[in-house]
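**Q** If you count the sequence shown from 1, you need to add 386 to reach our numbering.
The beta carbon of each residue, even a glycine, is placed where N, CA and C say it ideally should be.
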Amino acid sequence: MSPARPRRLRGRGPRLRTAAAVFALAASAALTVPAAAAPAPHRAADAPRAVAGASGSAALPEHALVGYLHTSFANGSGYTRLADVPDDWDIIDLAFGEPTSATSGDIRFGLCPQSECPDVESEEEFKAAVAEKQAQGKKVLLSIGGQNGQVRLTTTQARDTFVSSVSSIIDKYGLDGLDIDFEGHSLSLDPDDTDFRNPTTPVIVNLISAIESLKAKYGDDFTLTMAPETFFVQLGHQRYGPGPNGGDARAGAYLPVIHALRDDLTLLHVQDYNSGPIMGLDGQYHQMGSADFHIAMTDMLLAGFPVAGDADNVFPALPPEKVAIGMPATSQAGNGYVPPGEVNTALDCLTKGTDCGSYQPHGTWPALRGLMAWSVNWDRFNDWEFSKNFTAYFG
Numbered sequence: 387m388s389p390a391r392p393r394r395l396r397g398r399g400p401r402l403r404t405a406a407a408v409f410a411l412a413a414s415a416a417l418t419v420p421a422a423a424a425p426a427p428h429r430a431a432d433a434p435r436a437v438a439g440a441s442g443s444a445a446l447p448e449h450a451l452v453g454y455l456h457t458s459f460a461n462g463s464g465y466t467r468l469a470d471v472p473d474d475w476d477i478i479d480l481a482f483g484e485p486t487s488a489t490s491g492d493i494r495f496g497l498c499p500q501s502e503c504p505d506v507e508s509e510e511e512f513k514a515a516v517a518e519k520q521a522q523g524k525k526v527l528l529s530i531g532g533q534n535g536q537v538r539l540t541t542t543q544a545r546d547t548f549v550s551s552v553s554s555i556i557d558k559y560g561l562d563g564l565d566i567d568f569e570g571h572s573l574s575l576d577p578d579d580t581d582f583r584n585p586t587t588p589v590i591v592n593l594i595s596a597i598e599s600l601k602a603k604y605g606d607d608f609t610l611t612m613a614p615e616t617f618f619v620q621l622g623h624q625r626y627g628p629g630p631n632g633g634d635a636r637a638g639a640y641l642p643v644i645h646a647l648r649d650d651l652t653l654l655h656v657q658d659y660n661s662g663p664i665m666g667l668d669g670q671y672h673q674m675g676s677a678d679f680h681i682a683m684t685d686m687l688l689a690g691f692p693v694a695g696d697a698d699n700v701f702p703a704l705p706p707e708k709v710a711i712g713m714p715a716t717s718q719a720g721n722g723y724v725p726p727g728e729v730n731t732a733l734d735c736l737t738k739g740t741d742c743g744s745y746q747p748h749g750t751w752p753a754l755r756g757l758m759a760w761s762v763n764w765d766r767f768n769d770w771e772f773s774k775n776f777t778a779y780f781g
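What follows is the structure, given as structure tokens:
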């Protein structure tokens with residue numbers, strides 16, 4: 387049984403403190419990171435392909451739409467039953483599983499209380515909806531974390547509790563896998579942890595081990611997705627951990643997790659919103675809220691990028707089949723919303739090499755997997771503008 391939680395509005399609304407922290411770090415790096423520290427360009431034909439069956443990627447459609455469903459809480463977007471989620475959505479992330487405390491590793495999940503969500507379905511109806519979505523070829527995942535769910539696996543005991551509690555939730559509802567949406571202070575790097583290929587920080591090492599255990603338990607069909615903020619990924623191009631000057635220990639802290647699990651990863655969809663300006667591979671800062679931001683941030687994932695400005699220490703490119711672009715579905719859902727025309731401009735540039743504007747990416751990737759939206763509920767609030775545009779674009 388999930389613990390009682392106070393009535394509150396939750397989700398990925400604007401988080402100005404996070405954005406301000408990114409801006410401060412980006413500004414401080416402006417004079418120290420060489421603009422020329424970019425990897426050699428490559429074409430789509432040179433990009434590695436996803437390993438069929440190794441990450442669940444092969445079970446997804448060629449282009450997939452991912453959305454978060456506010457399952458355990460209410461906010462201004464209104465409650466949406468799982469059974470009422472339109473067929474446009476290929477991966478449905480149930481938001482959120484949360485820990486009993488930040489360091490317990492004990493994850494709990496339950497349906498929204500009826501006092502908050504009068505239209506909430508029964509558990510039996512919910513389980514039936516999970517099975518029906520799966521029968522339609524959809525993936526239904528447990529998303530852990532979110533804005534309020536801080537998870538720090540500081541000990542092996544917390545790691546083991548995480549594995550057992552998450553397994554219990556997956557088994558109870560018959561889910562397809564897990565989405566890691568660690569935000570805030572869930573992940574950080576110790577001062578002496580400087581190599582993303584060989585992490586030593588306990589919260590990083592234990593998270594990797596926990597996910598590997600879950601993957602081993604459920605096998606090749608286990609779907610694993612991640613939704614880090616730009617602070618934890620692309621900002622690593624400028625700063626990695628606290629560094630010699632005692633910077634923010636969270637900078638780039640997702641990189642060792644992504645790298646260690648890249649073979650098991652089904653899909654990475656970085657949140658290209660609620661972000662400060664981030665330096666791209668062109669040595670320029672890019673601001674959220676435009677096609678340019680999505681193009682520059684996604685290009686970094688698909689081309690690879692030097693970590694902490696070190697041209698000899700490159701975070702390797704991810705295959706396009708394992709990458710989607712994270713966006714707010716509406717202007718109410720988060721800072722950085724872009725209208726459908728800007729969404730399509732970003733997709734045209736990245737998948738067709740057209741209409742790229744001032745930023746020229748390092749390749750063209752027609753196999754880019756798709757888009758992620760926060761959230762299904764906010765898209766419904768906005769008459770399904772986001773999902774309708776996705777379906778119209780990809781057909």
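Quick check on the DSSP output: what are the complete beta strand (DSSP E) runs of length 3 or more inside the segment 595 to 670, in order along the chain?
**A** The segment 595 to 670 contains these whole beta strand (DSSP E) runs: 609 to 612.
**Q** Could you tell me the distance, in whole angstroms, from the CA atom of K774 to the CA atom of P588?
**A** Taking the sequence shown and counting its residues from 1, the one referred to as residue 774 is at position 388. Taking the sequence shown and counting its residues from 1, the one referred to as residue 588 is at position 202. Those two C-alpha atoms are separated by around 43 Å.
**Q** List the endpoints of the continuous beta strand (DSSP E) containing A703.
**A** Numbered from its first residue, the sequence shown carries residue 703 at position 317. That residue, A703, is in no beta strand (DSSP E); it is neither H nor E in DSSP.
**Q** Of the choices F767, G496, R755 and Y779, whose alpha-carbon is the least far from that of D800?
**A** With the chain represented from 387 up to 781, any question about residue 800 goes unanswered, as that position is not in the structure.
**Q** My output table needs one value for G727: the three-state DSSP class, helix, strand or coil.
**A** The residue you call residue 727 lines up with position 341 of the sequence shown. G727: helix per DSSP, three-state reduction.
**Q** DSSP three-state label for F582, please.
**A** Translated into the one-based positions of the sequence shown, residue 582 becomes position 196. Here F582 sits in coil by DSSP.
**Q** Can the beta-carbon of L497 be found less than 8 Å from the beta-carbon of L539?
**A** On the sequence shown, residue 497 is found 111 positions in, with the first residue counted as 1. On the sequence shown, residue 539 is found 153 positions in, with the first residue counted as 1. No; because the gap between Cβ atoms is not below 8 Å, this pair is not in contact.
**Q** So if DSSP puts Y454 in a beta bridge, which residue, or which two residues, is it bridged to?
**A** Your numbering for residue 454 matches position 68 in the sequence shown. BP columns for Y454 point to D479.
**Q** Please determine, among M713, A682, N768 and A697, the residue with the shortest C-alpha to C-alpha distance to C735.
**A** In the sequence shown, counting from the first residue as 1, residue 735 sits at position 349. Comparing Cα-Cα distances from C735 to each of M713, A682, N768 and A697, the minimum goes to A682.
**Q** Using a Cβ-Cβ cut-off of 6 Å (strictly less than) and excluding sequence neighbours within five positions of V552, which residues of its own chain qualify?
**A** Here the question's residue 552 lines up with position 166 in the sequence shown. I493, listed in sequence order.
**Q** Check this for me: beta carbons of L667 and F701, under 8 Å apart or not?
**A** Locating residue 667 in the sequence shown gives position 281, where the first residue counts as 1. Locating residue 701 in the sequence shown gives position 315, where the first residue counts as 1. Cβ atoms of L667 and F701: not closer than 8 Å.
**Q** Taking buried to mean at least 16 other C-beta atoms within 10 Å of its own C-beta, is A410 buried or exposed?
**A** By 1-based counting over the sequence shown, the position of residue 410 is 24. A caution first: A410 carries a pLDDT of 40, below 50, which makes its placement in the model too unreliable to give a value.
**Q** Just how far apart, CA to CA, sit S508 and N461?
**A** Here residue 508 corresponds to residue number 122 of the sequence shown, with the count starting at 1. Here residue 461 corresponds to residue number 75 of the sequence shown, with the count starting at 1. Their Cα atoms are separated by approximately 19 Å.
**Q** Rounded to a whole number of angstroms, what is the C-alpha to C-alpha distance between S363 and S458?
**A** Coverage of the chain is limited to positions 387 through 781, which leaves residue 363 absent and any answer about it impossible.
**Q** Take V591 and list the residues in its own chain whose beta-carbon comes closer than 8 Å to its own, dropping the five residues that flank it on each side.
**A** In the sequence shown, residue 591 corresponds to position 205, counting from 1. The answer, listed in chain order, is P585.
**Q** In whole angstroms, what separates the C-alpha of G523 from that of N631?
**A** In the sequence shown, counting from the first residue as 1, residue 523 sits at position 137. In the sequence shown, counting from the first residue as 1, residue 631 sits at position 245. In a straight line, the C-alpha of G523 is about 49 Å away from that of N631.
**Q** Considering K525, what are the terminal residues of the alpha helix (DSSP H) in which it resides?
**A** As a working note, residue 525 is residue 139 in the sequence shown. Element bounds for K525: not the alpha helix (DSSP H) but the beta strand (DSSP E), K525 to G532.
**Q** Across the segment 715 to 724 and the segment 740 to 756, are there enough close Cβ pairs to call them in contact, namely three or more that are closer than 8 Å?
**A** Output reads no: the segment 740 to 756 does not touch the segment 715 to 724.
**Q** Might you give, ordered along the chain, the residues of its own chain that have their beta carbon closer than 6 Å to the beta carbon of A488, omitting 5 neighbours on each side?
**A** As a working note, residue 488 is residue 102 in the sequence shown. Closer than 6 Å at the Cβ level, and outside the excluded window around A488, lie Q536 and R538.
**Q** When DSSP labels each residue in this structure, what does P577 get in the three-state scheme?
**A** Within the sequence shown, the letter at position 191 stands for residue 577. Three-state DSSP puts P577 in coil, outside helix and strand.
**Q** Which partner residues of F691 appear in the DSSP bridge assignment?
**A** The count along the sequence shown starts at 1 and reaches residue 691 at position 305. Per DSSP, F701.
**Q** Which word fits D581, buried or exposed, when buried means at least 16 other C-beta atoms lie within 10 angstroms of its C-beta?
**A** Stepping through the sequence shown from its first residue, residue 581 is reached at position 195. Its Cβ having fewer than 16 others within 10 Å, D581 is exposed.
**Q** Would you tell me roughly how many angstroms separate the C-alpha atoms of R766 and A481, rounded to the nearest one?
**A** The residue labelled residue 766 in the question sits at position 380 within the sequence shown. The residue labelled residue 481 in the question sits at position 95 within the sequence shown. The alpha-carbon atoms of R766 and A481 are separated by roughly 16 Å.
**Q** Does the separation of the CB atoms of A753 and E707 fall below 8 Å?
**A** Along the sequence shown, one-based indexing puts residue 753 at 367. Along the sequence shown, one-based indexing puts residue 707 at 321. Yes, the Cβ-Cβ distance between A753 and E707 is below 8 Å.
**Q** May I have a chain-ordered list of the beta strand (DSSP E) segments no shorter than 3 residues that lie completely inside the segment 701 to 781?
**A** Within the segment 701 to 781, the complete beta strand (DSSP E) runs of at least 3 residues are 710 to 714 and 756 to 760.
**Q** Going by C-alpha distance, which of I556, V656 and M674 is nearest P663?
**A** Working through the sequence shown from its first residue, we reach residue 663 at position 277. When each option's Cα is compared against that of P663, the closest is M674.
**Q** In terms of alpha-carbon separation, which member of D607, R545, A639 and Q543 lies closest to L527?
**A** As a working note, residue 527 is residue 141 in the sequence shown. The shortest C-alpha separation from L527 is found at D607.
**Q** Looking at the strands, I want to know which residues DSSP matches up with H449.
**A** Mapped onto the sequence shown, residue 449 falls at position 63. In the DSSP output, where bridge partners are listed per residue, H449 has none listed.
**Q** Contact defined as beta carbons within less than 8 Å: I believe I478 pairs with K519. What is the distance between those atoms, to the nearest angstrom?
**A** What you label residue 478 is simply residue 92 of the sequence shown in a count that begins at 1. What you label residue 519 is simply residue 133 of the sequence shown in a count that begins at 1. I478 to K519, Cβ: 7 Å. Contact.
**Q** Under the DSSP definition of a beta bridge, which residues are partnered with D696?
**A** Here residue 696 corresponds to residue number 310 of the sequence shown, with the count starting at 1. Answer by DSSP bridge pairing, in chain order: V693.
**Q** For the putative contact between A635 and L621, defined by C-beta atoms under 8 Å, what is the C-beta separation to the nearest angstrom?
**A** Working through the sequence shown from its first residue, we reach residue 635 at position 249. Working through the sequence shown from its first residue, we reach residue 621 at position 235. With a Cβ gap of about 12 Å, A635 and L621 do not count as contacting.
**Q** With a CB to CB cut of under 7 Å and the five nearest residues on each side skipped, what residues in its chain are close to L451?
**A** For the purposes of this step, residue 451 is identified with residue 65 of the sequence shown, where counting begins at 1. Counting only Cβ-Cβ distances below 7 Å, and skipping sequence neighbours, we find D474, W475, D476, G756, L757, S773 and F776.
**Q** Tell me, to the nearest whole angstrom, how far the beta carbon of F618 is from that of L653; I am working on the premise that it is less than 8 Å.
**A** Residue mapping note: residue 618 aligns to position 232 of the sequence shown, counting from 1. Residue mapping note: residue 653 aligns to position 267 of the sequence shown, counting from 1. The pair is not a contact, with the Cβ atoms about 16 Å apart (cut-off 8 Å).
**Q** In angstroms with no decimal places, state the Cα-to-Cα distance between G531 and M612.
**A** Translated into the one-based positions of the sequence shown, residue 531 becomes position 145. Translated into the one-based positions of the sequence shown, residue 612 becomes position 226. Approximately 11 Å between the Cα atoms of the pair.
**Q** Figure out for me which residue from E569, G727, T740 and S599 has the closest Cα to the Cα of D650.
**A** Against the sequence shown, residue 650 aligns to sequence position 264. D650 has its Cα closest to that of S599, out of E569, G727, T740 and S599.
**Q** According to DSSP, simplified to helix, strand and coil, what is L497?
**A** Within the sequence shown, residue 497 is the residue found at index 111, counting from 1. Reduced to three states, the DSSP call for L497 is coil.
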